[in-house]
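Reviewing the structure listed below.
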Amino acid sequence: ACQAAFHREESRLESLKNMTERYDGYGNSIRKVMEKKEEEKGIHGVVADIIKVDKAYEVAIETALGGNIQNIVTENEDTAKSMIQYLKQNKLGRATFLPLTSVKGNLLQEKGLDDCYGYINLASELVECDSKYKSVIVFKSNSFMILSSSKTWRLPYLETPLIIPENIKPSASSNVEGL
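Numbering-wise (my numbering), the sequence shown opens with residue 43 and increments by one.
Laid out in structure tokens, this is it:
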């Protein structure tokens, strides 16, 4: 019985790994770009590929990142532009690219957060990643606080909003000027 259960779980794990490698559950445009990863060395992966999160915070971080978890991290703007052209030429849809050379995140320096009821940390501080990706993670998740309770989270004394502007490179099938 134990051996059967082991093989069942081993098979399930293998299936999950295969789904991850094929980007099952991702948009078609994301899958198509990720298929080019081997030949286009400037593609690092989607945000989900470059982060690690403690199991206790997985749902909170997934919720904070939302669709941003599918954003594609690239080495530079040229790689992002090249992939945008690829998507446009082949009418494959849209994707959001985060070039490491231009995406900059600033750590939220708000005083008093530690005093907020239920405050655990900023989402960006609960995500582990290689240091070269830290600016992307800060950019994408720094404006979210992770709280142990959602009952009390009015913060009337904050001097700055908890939302940062988006300086990302979205692809568009009709307009990519200004990239």
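The C-beta atom is built at its ideal place from N, Cα and C for all residues, glycine as well.
- Nearest in C-alpha terms to E117, of all of D157, S185, E104, S144, is S144.
- In this structure, the alpha-carbon of P141 lies about 21 Å from that of Q131.
- Distances from the CA of G87 to each of K74, L155, A43 were compared; the closest alpha carbon is that of K74.
- In this chain, N110 is not harboured by any beta strand (DSSP E), its DSSP state being neither H nor E.
- Listed as beta-bridge partners of E170 by DSSP are K94.
- Here the alpha carbon of Y161 sits roughly 45 Å from the alpha carbon of A43.
- Counting every other CB atom within 10 Å of its CB across the protein chains shown gives N163 a total below 16, marking it as exposed.
- If you ignore the 5 residues before and after N70, its C-beta comes within less than 7 Å of the C-beta of L134, G135, all in its own chain and listed in chain order.
- V89 places its beta carbon less than 8 Å from that of N113.
- By alpha-carbon distance to L107, the top candidate from E119, A98, S185 is S185.
- Bounds of the alpha helix (DSSP H) holding Y128 are 119–131.
- Here the alpha carbons of A46 and V169 stand approximately 36 Å from one another.
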